[in-house]
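One structure is given here, and the rest of the page talks about it.
Residue numbers (this note's numbering), protein chains in the order written: chain A, 685 to 957; chain B, 289 to 557.
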């Protein structure tokens with residue numbers, strides 16, 4: 685792809701401005717939970733209670749160690765920002781009836797689209813760090829200190845792949861009226877499908893195969909290996925697989941976004957609520 | 289004379305049950321068609337039931353599948369209550385309905401009670417769904433030890449959760465971001481009331497919290513009726529909790545109504 689195709693005729697300055705400043709402004713405008721009164725209960729307290737709930741469920745059923753559930757849930761909670769945040773960042777433009785003016789501008793679509801992902805990715809990363817920190821304080825979770833830098837990489841990559849997945853859901857919101865219903869189902873379904881709460885080996889073959897193409901599966905597998913001090917090549921391979929899944933979802937989401945943009949222009953779907 | 293007109297001519301106390309029943313039925317019809325409520329009462333409990341049952345089968349199998357099916361069912365009722373009732377007054381205000389409802393010549397608390405009980409009743413979807421799921425997917429032997437007591441326990445649990453919803457609805461109204469409290473309140477109540485995790489595994493300081501929350505007694509009564517045991521003591525505690533919620537709810541709604549009228553904030557968003 686040539687630089688002009690990537691950045692548009694206005695060049696890189698314009699691309700970065702739309703990507704960074706546009707992304708930040710859209711995050712401030714469209715992310716429901718940005719005020720502390722919303723952020724603390726929704727993005728910190730609820731994920732913390734989720735970790736505690738599943739750790740105790742795991743202790744009751746005896747299916748996995750505390751570390752299994754702490755790592756699985758702490759990484760999974762980054763998808764709250766990725767899935768809901770990206771759904772808000774894209775499809776709320778339609779709800780607030782600001783989508784048509786944005787798409788009428790000549791701004792680079794890739795910059796508009798990707799710019800919305802960066803603040804969401806950072807939010808997801810923060811949420812996971814909070815989950816690990818609190819688990820260390822109250823559940824005695826102790827990951828292998830030597831693996832922490834690679835664990836951080838695994839979390840960033842997983843947050844990015846969840847953001848890519850959320851971008852696809854958000855793009856669906858350009859067409860579907862109640863996209864949050866789909867986001868809700870997606871958020872809870874990954875708990876079951878991606879090996880967060882149930883070991884993948886216990887799931888039916890079809891579900892296991894599906895999990896390979898979803899975000900979180902490989903990131904969590906890498907996280908568990910790293911937390912146990914068994915990093916090495918397998919964990920790196922899992923991180924790379926997670927990255928590939930994320931890039932694939934983001935590319936699919938971008939194509940979906942452009943498709944719905946074109947068809948929305950033709951049918952006037954943007955103004956239908 | 290039509291039944292409706294005859295009821296309308298009854299004195300206020302005799303008209304109250306009709307207000308409650310009509311409100312309950314109308315809310316039930318409305319919520320039963322809401323995509324969000326179906327997700328909350330059907331899809332979400334099934335996912336949690338599957339997780340718990342799969343973990344049970346992969347783990348030590350110390351508790352029967354039915355234990356988790358019933359717990360996940362109550363989890364669904366709690367979620368519908370938390371999301372459906374938590375913002376009940378705020379939602380009526382948002383819809384522009386709060387003023388007409390407060391002005392209606394019936395106690396406002398009865399109107400709200402119909403709404404919260406209707407919302408809790410939708411949660412029964414989850415109970416039926418998780419029991420069916422346990423039987424079909426996990427091949428659990430779903431045979432209720434005392435079906436009559438089970439039905440009674442289900443009704444009492446729904447009523448008590450509906451009344452708890454009344455308390456939440458009237459207290460959350462003081463907090464502008466009531467939906468974020470709802471987001472936060474799902475997991476802790478699922479945990480401390482022993483819906484999927486036995487209370488004996490939780491720290492002792494959580495037990496007093498469990499005792500004042502109706503789901504604790506409701507799920508214990510349902511489990512006793514389904515698996516064999518004595519459901520009556522738990523049902524008694526559940527009823528007692530319901531009466532306490534009713535008294536608190538009536539007081540809170542009265543306070544909120546007076547405050548909103550005197551400050552002229554009924555129509556404020």
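Idealized CB from N, CA, C, for every residue including glycine.
Mind pulling the chain B residues with CB within less than 7 Å of residue i?
{"i": "residue 832(A)", "result": "Result: empty, since nearest Cβ-Cβ is about 27 Å, beyond 7 Å."}
{"i": "residue 722(A)", "result": "465 and 468"}
{"i": "residue 747(A)", "result": "343, 346 and 347"}
{"i": "residue 862(A)", "result": "323"}
7 Å is my cut-off, CB to CB: does residue i come that close to chain A?
{"i": "residue 496(B)", "result": "no"}
{"i": "residue 411(B)", "result": "no"}
{"i": "residue 335(B)", "result": "yes"}
{"i": "residue 483(B)", "result": "no"}
{"i": "residue 339(B)", "result": "yes"}
{"i": "residue 515(B)", "result": "no"}
{"i": "residue 308(B)", "result": "no"}
{"i": "residue 419(B)", "result": "no"}
{"i": "residue 436(B)", "result": "no"}
{"i": "residue 489(B)", "result": "yes"}
{"i": "residue 358(B)", "result": "no"}
{"i": "residue 479(B)", "result": "yes"}
{"i": "residue 289(B)", "result": "Its pLDDT being 47, under 50, residue 289(B) is placed unreliably in this model, and the value from its coordinates should be taken loosely. Residue 289(B) does not count as touching chain A."}
Against chain B, does residue i count as a neighbour if the rule is that its beta carbon must be under 7 Å from one of theirs?
{"i": "residue 671(A)", "result": "With chain A represented from 685 up to 957, any question about residue 671(A) goes unanswered, as that position is not in the structure."}
{"i": "residue 876(A)", "result": "yes"}
{"i": "residue 785(A)", "result": "no"}
{"i": "residue 955(A)", "result": "no"}
{"i": "residue 758(A)", "result": "no"}
{"i": "residue 869(A)", "result": "yes"}
{"i": "residue 856(A)", "result": "no"}
{"i": "residue 663(A)", "result": "Within the shown structure, residues of chain A are numbered from 685 to 957, placing residue 663(A) beyond reach of any answer."}
{"i": "residue 828(A)", "result": "no"}
{"i": "residue 886(A)", "result": "yes"}
Which residues in chain A have a C-beta closer than 7 Å to the C-beta of residue i? List them in chain order.
{"i": "residue 318(B)", "result": "Chain A residues near residue 318(B): none, gap ~16 Å exceeds 7 Å."}
{"i": "residue 280(B)", "result": "The requested residue 280(B) does not occur in the structure, where chain B is confined to residues 289 to 557."}
{"i": "residue 324(B)", "result": "865"}
At a CB-CB cut-off below 8 Å, which residues of chain A make contact with residue i?
{"i": "residue 475(B)", "result": "730, 733, 734, 736 and 737"}
{"i": "residue 472(B)", "result": "725, 726, 729, 730 and 733"}
Enumerate in chain order the residues of its own chain whose CB-to-CB distance from residue i is below 6 Å, with the five nearest sequence positions on each side excluded.
{"i": "residue 936(A)", "result": "852"}
{"i": "residue 304(B)", "result": "398"}
{"i": "residue 419(B)", "result": "357 and 430"}
{"i": "residue 711(A)", "result": "803"}
{"i": "residue 844(A)", "result": "805 and 930"}
{"i": "residue 722(A)", "result": "none"}
{"i": "residue 856(A)", "result": "863"}
Can you name, in chain order, every residue of its own chain whose Cβ lies under 7 Å from the Cβ of residue i, other than the five neighbours on each side?
{"i": "residue 289(B)", "result": "Below a pLDDT of 50, predicted positions are generally treated as unreliable, and residue 289(B), at 47, falls in that range; no measurement from the model is reported."}
{"i": "residue 894(A)", "result": "877"}
{"i": "residue 835(A)", "result": "827, 907, 910 and 911"}
{"i": "residue 867(A)", "result": "767, 768, 771 and 853"}
{"i": "residue 396(B)", "result": "389, 390, 541 and 545"}
{"i": "residue 525(B)", "result": "505"}
{"i": "residue 717(A)", "result": "723, 726 and 727"}
Once the 5 residues before and after residue i are set aside, which same chain residues still bring their CB inside 8 Å of it?
{"i": "residue 837(A)", "result": "923"}
{"i": "residue 507(B)", "result": "358, 359, 362, 445, 481, 482 and 483"}
{"i": "residue 319(B)", "result": "325, 368, 372, 406, 407 and 410"}
At 9 Å on the CB atoms, spell out the chain B contacts of residue i, in chain order.
{"i": "residue 872(A)", "result": "327, 331, 332, 335 and 336"}
{"i": "residue 742(A)", "result": "343 and 347"}
{"i": "residue 822(A)", "result": "Those within 9 Å of residue 822(A) in chain B number zero; the least Cβ separation is about 11 Å."}
List, in chain order, every chain B residue whose beta-carbon is nearer than 8 Å to that of residue i.
{"i": "residue 717(A)", "result": "468"}
{"i": "residue 754(A)", "result": "Within chain B, no residue comes near residue 754(A); the closest Cβ sits about 15 Å away, beyond 8 Å."}
{"i": "residue 883(A)", "result": "346"}
Taking 6 Å as the cut-off, is the beta-carbon of residue i closer than that to any non-hydrogen atom of the ligand NAD?
{"i": "residue 779(A)", "result": "As far as ligands go, the structure on display features none, and thus does not contain the ligand NAD."}
Contact between the stretch 516-535 of chain B and the stretch 369-387 of chain B is defined here as three or more beta-carbon pairs at a separation below 8 Å; is this criterion met?
Counting C-beta pairs with one atom in each stretch, the stretch 516-535 of chain B and the stretch 369-387 of chain B have fewer than three that are closer than 8 Å, which means they do not touch.
Does the count of Cβ pairs from the stretch 734-751 of chain A and the stretch 867-874 of chain A closer than 8 Å reach three?
No: fewer than three Cβ pairs fall under 8 Å.
Taking 8 Å as the threshold, find out whether the stretch 446-455 of chain B comes into contact with the stretch 369-376 of chain B through three or more Cβ pairs.
Yes, since at least three Cβ pairs between the stretch 446-455 of chain B and the stretch 369-376 of chain B fall closer than 8 Å, the two stretches touch.
Going along the chain, which unbroken runs of the alpha helix (DSSP H) with 4 or more residues stay wholly within the stretch 759-818 of chain A?
Qualifying alpha helix (DSSP H) stretches, in chain order: 770-779, 783-788 and 793-799.
Should the stretch 483-491 of chain B be called in touch with the stretch 429-446 of chain B, which here means at least 3 C-beta pairs below 8 Å?
No, the stretch 483-491 of chain B is not in contact with the stretch 429-446 of chain B.
Any contact between the stretch 388-407 of chain B and the stretch 334-351 of chain B? By contact I mean 3 or more CB pairs, one from each, below 8 Å.
Under the three-pair Cβ rule at 8 Å, the stretch 388-407 of chain B does not count as touching the stretch 334-351 of chain B.
I'd like to know if the stretch 747-762 of chain A and the stretch 702-709 of chain A are in contact, where contact means that at least 3 CB-CB pairs between them fall below 8 Å.
Not touching, per the Cβ criterion.
Can we say the stretch 407-423 of chain B touches the stretch 494-501 of chain B, given the rule of at least three CB pairs closer than 8 Å?
Taking a cut-off of 8 Å for Cβ pairs, the stretch 407-423 of chain B and the stretch 494-501 of chain B do not touch, as fewer than three such pairs fall below it.
Length-filtered (4 minimum) alpha helix (DSSP H) runs lying within the stretch 355-419 of chain B:
Listed in chain order, the alpha helix (DSSP H) elements of length 4 or more contained wholly in the stretch 355-419 of chain B are 376-382, 386-391 and 396-410.
Just checking, does the stretch 726-736 of chain A make contact with the stretch 468-475 of chain B on the three C-beta pairs under 8 Å criterion?
Contact between the stretch 726-736 of chain A and the stretch 468-475 of chain B is present: 3 or more CB-CB pairs across the two stretches fall below 8 Å.
To test your reading of the DSSP string, which unbroken alpha helix (DSSP H) runs of 4 or more residues are found completely within the stretch 899-936 of chain A?
Runs found: 901-911.
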